[in-house]
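Student: Residue numbers (our numbering), protein chains in the order written: chain A, 1 to 199; chain B, 1001 to 1316; chain C, 2001 to 2811.
No residue lacks a Cβ here, since even glycine has one placed at the ideal position from N, Cα and C.
This one's a predicted model, so the numbers in the text were calculated from it and none came from an experiment.
There's a structure below that I have some questions on.
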Amino acid sequence: MNMELSRRGFLKAAGVGVAGTTMGAFGFADLEAAQAAAIRPFKLTNTMETRNTCPYCSVACGIIMYSKGDLRKGETAEIVHIEGDADHPTNRGTLCPKGAALKDFVKAETRLKYPMVRKPGSDKFERVSWDQALDRIARLMKDDRDANFIASNAAGVPVNRWTTVGFLAASATTNETAWLTYKVVRSTGIVAFDNQARV
Amino acid sequence: MEPSPHTATSNPPVAATNTNLTERDLVRRSASTVPPPARQLEPVAKLIDVSKCIGCKACQSACIEWNDTHPAIETNTGVYDNPHDLTPDMFTLMRFTEWDNPQTGNLEWLIRKDGCMHCEDPGCLKACPAPGAIVQYSNGIVDFVHENCIGCGYCIKGCPFNIPRISKVDHTAYKCTLCSDRVAVGQGPACAKACPTHAITFGTKDDMKKLADSRIEDLKSRGYDNAGLYDPPGVGGTHVMYVLHHNDQPEIYANLPKDPKVSPVVNAWKGMAKYLGFAALGLAAAAGVLHSALVSPNRVTREDEEKAEDLVKEKT
Amino acid sequence: MTNSWTDIRNTDLVVIMGGNAAEAHPCGFKWVTEAKANRGAKLIVVDPRYTRSASVSDFYAPIRQGTDIAFLLGVINYCIQNDKVQWEYVKAFTNAAYVVKEGFAYNDGLFTGYDENKRDYDRSTWEYEIGPDGFAVVDDTLQNPRCVWNLLKAHVATYTPEMVERICGTPKDKFLKVAQMISECSSPTKTMTSMYALGWTQHSKGSQNIRSMAMLQLILGNIGVRGGGMNALRGHSNIQGLTDIGLMSNLIPGYLNIPVERETDFATYMSSRAFKPLRPNQTSYWQNYKKFFVSFQKVMWGDAATAQNEFAYQYLPKLDVPAYDVLRTFEMMHQGKVNGYFCQGFNPLLAFPNRQKITESLSRLKWLVTMDPLDTETSRFWENHGEYNNVNPSSIQTEVIQLPSTCFAEDEGALVNSGRWLQWHWAGGSPPGEAKHDTWIMAQIYRRLRALYEKEGGAFPDPILNLTWNYQDLEEPSPEELAKELNGYAVEALTDPADPAKVVLEKGKQLVNFSVMRDDGTTACACWIYSGCFNEAGNNMARRDNTDPDDTGAYPNWSFSWPLNRRILYNRASADLQGNPWDPTRKLIAWDGTKWSGYDVPDIAPTAKPDEVGPFIMNQEGVSRLFARGLMREGPFPVHYEPFEAPIANVIAPKIRGNPVARIFQSDVAQFATSEEFPYAATSYRLTEHFHYWTKHNRVNAMLQPEFFVEISEQLAAEKGIAHGSWVRVWSKRGEVKAKAVVTKRIKPLICDGKSVHVVGIPLHWGFTGQARKGWGPNSLTPFVGDANIETPEYKAFLVNIEPTTAPVSV
């Protein structure tokens, strides 16, 4: 879907600025002509493009992620480069020093890869399976909710609050994640519910 | 009411594409000659409008990512400049200067993006004793060819802007390529595309001069009477130009040279190399001529020179 | 933002105050440079520091942090004194003419009704006089001494240029220059935009900072017009979305409220939400509240929410306090009243004030679950990192479960930008290791918890067991399915009210937008303001047509802008009482005698007559409020209050410390310092090279700004013997940090009330995980107090001391 994107409209709207005339003026050699020795082969050739949005500030710059491998074909995809999307009305291809280095956020050494548990009093994390981690979380929640749920106040009026567990939500997740998080948290009666907008 | 020109009017191609920079487009090749180019490419230029620059370092970030370099994580030394200087892994650098304007009494934070100026008359290329280590295309790009570089450091001596840096890893010289690989497929340099405020733009040199004129007019209307274009004639003009609010004092922008020139010694050496040929002269002789005469920063260690000599001997 | 990033190109004057757009939003700031380059716009920056924004400004004025209200009320005073008012706009579109009740007064920094013990007001006098017709009394001649305009005029008279200089430290001539430049925008053909961010919100009176500028913009006629507006530059990529969807203790998506205890049933809850118009013919759009609320209950609990059970009203928790915001929650945690805590993509160890208290609080949890793509400090709060995190793991009994989540590149869905655009994005990379989508993680937690309730029973399982969960893959709902819930759908076939035989929308179809929502349970919608984002026309958030007819900057077919794809809020106010644009060159919409139309979706009923229906349709008045009635806790007009830790006493009300109604927990009071103990005025901020505590994990950004530093003036450095680039210790009453000293001309001492005030600037991007050098955040130093209305912590103004020191010791 994201590949069927028209940039014609924007180019028309953007008019032909200086750079518009420039590209034609650069001159192009015949297909057969060999690129000069000094020049590195163009590294995006034969990569996959995917449209995304910079996850940092709320300018929400359009970006293009270039990958080896195509997720849409069920392949493993490795992002090899990220650049601003020239079709995007707000950033028009530009990116700030954070957006321009997004690839190194995706590939940061300190990206988390496995669920971990740190036991009480321990000085280290230990790897666990997702099932172990999730079952443990569900059990901890259930036990605490059953023990501490406040069904009604002193006047006998239903209040249905759970105050002994809190949930702090992200600010860079999608609306869809936010909504699913809202549903789950609200259904439990958690009231200590907040997000990054607070700070 | 369309905003000023953009470098990025289209996204990079991902399909195999024609190249527009070929060996036939070379106009100069260090320590050797090239046949007259088959055609004249339209000269290009990067325009850096210092008055629009917010010093965000997106240019540095985009440069690292595009060129796959790995600058070291240093420390804070009391300034915003990081790394502290150009390195073989950092081809461009924001240099920050806090300047009290004596006329207005106001503080100005002058932020200049430093890097290769792509001189029309390139001192680095002229000083270079290694055949084909530095080349110039008819569009004005000056590029380093690492396979041919011997790491002697004379390009640094020959450069009036103190730009190239020698890698301790492969002992060859590095600097901005003007993203020759991008220009070859019709894209502007990575820094220009990234620049959030379009302080960096890229296009034909003629167009960039016209854009500069409109910027200078705007700056003059805001009281910058000495606003102007930095395109120094001493090096034949440059393919990286600045719009400066105080063009009468380029030196206040982190020592941008007021009237940069290719050293006469380099010009003389260039002449010798051209006529005598590199092999005949030998590196030691070249070193003697250049070393004694040039006062520009010398980052070449004795070891580097010996290594270079060895390399040359092997080649010859 | 009332407007959008791309609209900033239409402005004549940009005022950056309470923010630093060039630094924090560089690509949005491009539209400032474009406005400057293409229409000769001017840029004013008012900030304690000469910032990156200031470096490209036309005029810079210094100000002491925490004194913005005095400055802005000073500008309002200047405009009134010099008749720089967009009179037609003010008279028609604000409540200037409304008459306030007898009994309302302001004296010595306080309004009528203050109760010192409760730190709160009885706000009953902060209201309009209501006439015999049931509507608010107005005096269009503005002669009544009790009309809002005259009360405002008297209120701001205190803030003379001399008083502004005394409080703010802004030299009088610089203040006057700024005031003069701003006042020119009272012309109907000149517009100013306000770009602000955390520099205004992170104060104990943050809401009133923003209100002060909003009032000024109304007086200048700059709300609802192209190139104008109040533009909050939100911090994170989807902080707008998280706010819209109401992930807060007291919110329901779309700015509806969670009930409080006294609202014991649905009828009581609705009784205070009738939103009857306060003037004839006004829209008062919140009259539709019940439709939005019932549709929310239906999307949550489907068939279990019926008219008979008040649409499952009792499934919602009832609050006993205004909100369980993070400050309250960490105070409770500190008291041992919280057992478990989830941090989804959040790093409170570095993000919340008084780190010592945060560490102690987390240590009192039985368990902590973190979900993050990165190895955060919070997930390792128990780990010893020498001086950087000096804890003893063996004494911390908290079980910590760290879950790896995907990042943007591996994720699909929509983010809402600051200009309210919902932009869809696609996944392009495979997650590392076993990292999982947040949607999968949340679904798994829910599914397993639900299974336990199904099997074992337990406390009030109904809202959990009956939660709507009709996704194709029960283990992981798809982004498209969730987006469709956000848009809303018909629960039953919707029929035409005029012709019950006629079906206007079949059962199960997506709602076209919120205008078709019902309060009888036949429609379901998660977030009414988003309705229209994913209707039967498809996923409108994924639209990528970037044409912009007549270059207005609207880009109407690019993604989807809430509400109703409207690009500029209050755009009806861009036209006069006849419906003609104030500025024909900046037309947005116009009245053609029968309807509104133009470049944007009209922010009013298309047939609402321009001389009858006011443009501020969400307000019961139909006009905007220069006088806020009882809606702000401090008072209907802003007042200058000092930060809780201030270098001088409050000049206009010396007995008042901080904001008189800000909530203070007893345990924090002893940790507020005076200027005798801590003489320097500190502030915290972000740098352009980094994003919060994320990019220090990124080698490139870690290189661009590698090490924690503080910024001080040359004068303070000389006084303290601090050398450029040397180590300093900075400490407050709550903790200490060690940093490199950046000695700069960009910070200069200010003279406030005759006293020299030194500013210490503390950026916030370092911690003990990631690639950058280890360091601290300013939250080791900041006070545990928030804004009186919304509890945003006071990070921008506090007191510290500073001295030379040696390098810190790691482990």
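1. Residues of chain A with CB closer than 9 Å to the CB of B:F1144, please, in chain order.
2. I want to see whether chain A comes within less than 7 Å of C:G2767, judged by CB atoms only; does it?
3. What does DSSP give as the partner residues of A:R81 in its beta bridges?
4. On the premise that C:D2545 lies in contact with C:A2554, defined as a C-beta separation below 8 Å, what is that separation, rounded to the nearest angstrom?
5. Along chain C, in chain order, which residues have C-beta atoms closer than 7 Å to that of B:P1037?
6. Counting only beta-carbon atoms, is A:L140 nearer than 7 Å to chain C?
7. Are C:V2710 and C:A2739 closer than 7 Å when you measure CB to CB?
8. Start and end of the beta strand (DSSP E) containing A:T163?
9. Run the CB neighbour count on B:P1264, radius 10 Å, all protein chains shown included, and call it buried at 16 or more, exposed below.
10. Closer than 8 Å by beta-carbon distance: list the chain B residues that pair up with C:T2688, in chain order.
11. Anyone know if the C-beta pair for C:G2109 and C:V2669 falls short of 7 Å?
12. Select from A:S187, A:Y182 and A:G189 the residue whose C-alpha is nearest the C-alpha of C:T2243.
13. Counting only beta-carbon atoms, is B:L1045 nearer than 7 Å to chain A?
14. Report the residue ranges of all beta strand (DSSP E) runs contained in full by the region 2054–2106 of chain C; include only those spanning at least 3 residues, in chain order.
15. So which residues of chain A does C:R2699 contact, with C-beta pairs closer than 7 Å?
16. I think B:A1058 touches A:A86, with their Cβ atoms under 8 Å apart; what is that distance to the nearest whole Å?
17. Does the Cβ of C:V2809 have 16 or more other Cβ atoms within 10 Å, making it buried, or fewer, making it exposed?
18. Can you tell which of C:W2421, C:L2247 and C:E2310 has the C-alpha that lies nearest to the C-alpha of C:A2267?
19. Starting from B:A1061 and walking both ways along the beta strand (DSSP E), at which residues does that stretch end?
20. Considering only their Cβ atoms, is the gap separating C:I2747 from C:R2049 smaller than 7 Å?
21. For the region 54–69 of chain A, enumerate the residues whose C-beta is nearer than 8 Å to any C-beta of chain B, in chain order.
22. For C:V2090 versus C:R2146, is the C-beta distance shorter than 7 Å?
23. What is the DSSP secondary structure of C:Y2313, reduced to helix, strand or coil?
24. With 7 Å as the threshold, decide whether the Cβ of C:R2052 is near any Cβ in chain B.
25. Taking DSSP as the reference, what is the three-state secondary structure of C:G2040?
26. Between A:Q132 and chain B, is any beta-carbon pair separated by less than 7 Å?
27. Give me the Cβ distance between C:R2656 and C:Y2641, rounded to the nearest whole Å; I'm assuming they're in contact under 8 Å.
28. Any residues in the region 75–91 of chain A with a beta carbon nearer than 8 Å to a beta carbon of chain F? Which ones, in chain order?
29. Going along the chain, which residues of its own chain have a beta-carbon closer than 8 Å to the beta-carbon of B:T1019, five neighbours each way excluded?
30. For C:S2597, does the three-state DSSP call read helix, strand or coil?
31. Counting only beta-carbon atoms, is A:V159 nearer than 7 Å to chain C?
32. Is the region 2150–2166 of chain C close to the region 2066–2073 of chain C, with three or more CB pairs under 8 Å?
33. According to the Cβ coordinates, are C:G2386 and C:W2367 closer than 7 Å?
34. Would you mind sorting C:A2351 into buried or exposed? The rule is 16 or more other CB atoms within 10 Å of its CB.
35. Residues of chain B with CB under 7 Å from A:E49, in chain order?
36. Run the CB neighbour count on A:V169, radius 10 Å, all protein chains shown included, and call it buried at 16 or more, exposed below.
Tutor: Reading it off the structure:
1. One-based indexing of the second sequence puts residue 1144 of chain B at position 144. The CB of B:F1144 comes closer than 9 Å to the CB of A38 in chain A, given here in chain order.
2. Residue numbering aside, residue 2767 of chain C sits at position 767 when the third sequence is read from its first letter. So, not an interface residue.
3. Translated into positions along the first sequence, residue 81 of chain A becomes position 81. Rather than Arg, the amino acid found at residue 81 of chain A in this sequence is His. A:Y66.
4. As a working note, residue 2554 of chain C is residue 554 in the third sequence. As a working note, residue 2545 of chain C is residue 545 in the third sequence. About 12 Å separates the two Cβ atoms, so there is no contact after all.
5. Residue 1037 of chain B sits at position 37 when you count from the first residue of the second sequence. Close to B:P1037, with beta-carbon spacing below 7 Å, lies no residue of chain C; the smallest spacing is near 36 Å.
6. In the first sequence, counting from the first residue as 1, residue 140 of chain A sits at position 140. Taking 7 Å as the CB threshold, A:L140 lines the interface with chain C.
7. In the third sequence, counting from the first residue as 1, residue 2710 of chain C sits at position 710. In the third sequence, counting from the first residue as 1, residue 2739 of chain C sits at position 739. Contact: yes.
8. Locating residue 163 of chain A in the first sequence gives position 163, where the first residue counts as 1. P158 to A169 is the extent of the beta strand (DSSP E) around A:T163.
9. Here residue 1264 of chain B refers to the residue found at position 264 when the second sequence is read from its first residue. When all chains shown are included, B:P1264 counts as exposed.
10. Numbered from 1 along the third sequence, position 688 holds the residue referred to as residue 2688 of chain C. Per Cβ cutoff of 8 Å: I1054, G1055, C1056 and K1057.
11. One-based indexing of the third sequence puts residue 2109 of chain C at position 109. One-based indexing of the third sequence puts residue 2669 of chain C at position 669. Not a contact, by the Cβ cut-off of 7 Å.
12. In the third sequence, the residue the question calls residue 2243 of chain C occupies position 243. Of the listed residues, the one whose Cα sits closest to C:T2243 is A:Y182.
13. Here residue 1045 of chain B is taken as the residue at index 45 of the second sequence, counted from 1. Residue 1045 of chain B is actually Ala in this sequence, not Leu. So, not an interface residue.
14. Runs found: 2059–2061.
15. For the purposes of this step, residue 2699 of chain C is identified with residue 699 of the third sequence, where counting begins at 1. Neighbourhood of C:R2699 in chain A, by CB distance below 7 Å: D104, in chain order.
16. Taking the first residue of the second sequence as position 1, residue 1058 of chain B is located at position 58. Taking the first residue of the first sequence as position 1, residue 86 of chain A is located at position 86. The C-beta distance from B:A1058 to A:A86 rounds to 15 Å, too long to fall under 8 Å, and the pair is not in contact.
17. Residue mapping note: residue 2809 of chain C aligns to position 809 of the third sequence, counting from 1. C:V2809 comes out exposed.
18. The count along the third sequence starts at 1 and reaches residue 2267 of chain C at position 267. The candidate whose alpha carbon is nearest that of C:A2267 is C:E2310.
19. One-based indexing of the second sequence puts residue 1061 of chain B at position 61. Reading the sequence as shown, one finds Ser at residue 1061 of chain B and not Ala. In this chain, B:S1061 is not harboured by any beta strand (DSSP E); it is covered by the alpha helix (DSSP H) spanning A1058 to N1067.
20. Against the third sequence, residue 2049 of chain C aligns to sequence position 49. Against the third sequence, residue 2747 of chain C aligns to sequence position 747. In terms of Cβ geometry, C:R2049 and C:I2747 form a close pair [threshold 7 Å].
21. The residues in question are I64 and Y66.
22. For this step, residue 2090 of chain C is matched to residue 90 along the third sequence. For this step, residue 2146 of chain C is matched to residue 146 along the third sequence. Cβ distance not < 7 Å, so C:V2090 and C:R2146 don't count as in contact.
23. Residue numbering aside, residue 2313 of chain C sits at position 313 when the third sequence is read from its first letter. Three-state DSSP puts C:Y2313 in a helix.
24. Position 52 of the third sequence, counted from the start, is the residue given in the question as residue 2052 of chain C. Interface residue, yes.
25. Here the question's residue 2040 of chain C lines up with position 40 in the third sequence. Three-state DSSP puts C:G2040 in coil, outside helix and strand.
26. Locating residue 132 of chain A in the first sequence gives position 132, where the first residue counts as 1. It does not; no Cβ of chain B falls within 7 Å.
27. Translated into the one-based positions of the third sequence, residue 2656 of chain C becomes position 656. Translated into the one-based positions of the third sequence, residue 2641 of chain C becomes position 641. Correcting the residue identity first, residue 2656 of chain C is Ile in this sequence and not Arg. 6 Å between Cβ atoms; contact.
28. The structure shown contains no chain F; its protein chains are A, B and C.
29. Counting from one through the second sequence, the residue named residue 1019 of chain B turns up at place 19. In the same chain as B:T1019, and ignoring 5 residues on each side of it, the C-beta atoms closer than 8 Å to its own belong to A1184 and V1185, in chain order.
30. Here residue 2597 of chain C is taken as the residue at index 597 of the third sequence, counted from 1. In the structure shown, C:S2597 falls within a strand segment according to DSSP collapsed to helix, strand and coil.
31. Here residue 159 of chain A refers to the residue found at position 159 of the first sequence. Taking Cβ atoms only, chain C reaches closer than 7 Å to A:V159, which makes this a yes.
32. Yes, the region 2150–2166 of chain C touches the region 2066–2073 of chain C.
33. Here residue 2386 of chain C is taken as the residue at index 386 of the third sequence, counted from 1. Here residue 2367 of chain C is taken as the residue at index 367 of the third sequence, counted from 1. Taking 7 Å as the Cβ cut-off, C:G2386 and C:W2367 do not qualify as a contacting pair.
34. Taking the first residue of the third sequence as position 1, residue 2351 of chain C is located at position 351. By the 10 Å Cβ count, C:A2351 comes out buried.
35. Along the first sequence, read from residue 1 onward, the residue named residue 49 of chain A stands at position 49. In chain order: V1014.
36. Counting from 1 along the first sequence, the entry for residue 169 of chain A is found at position 169. Here residue 169 of chain A is Ala; the residue named in the question, Val, does not match the sequence. A:A169 is buried by the Cβ-count criterion.
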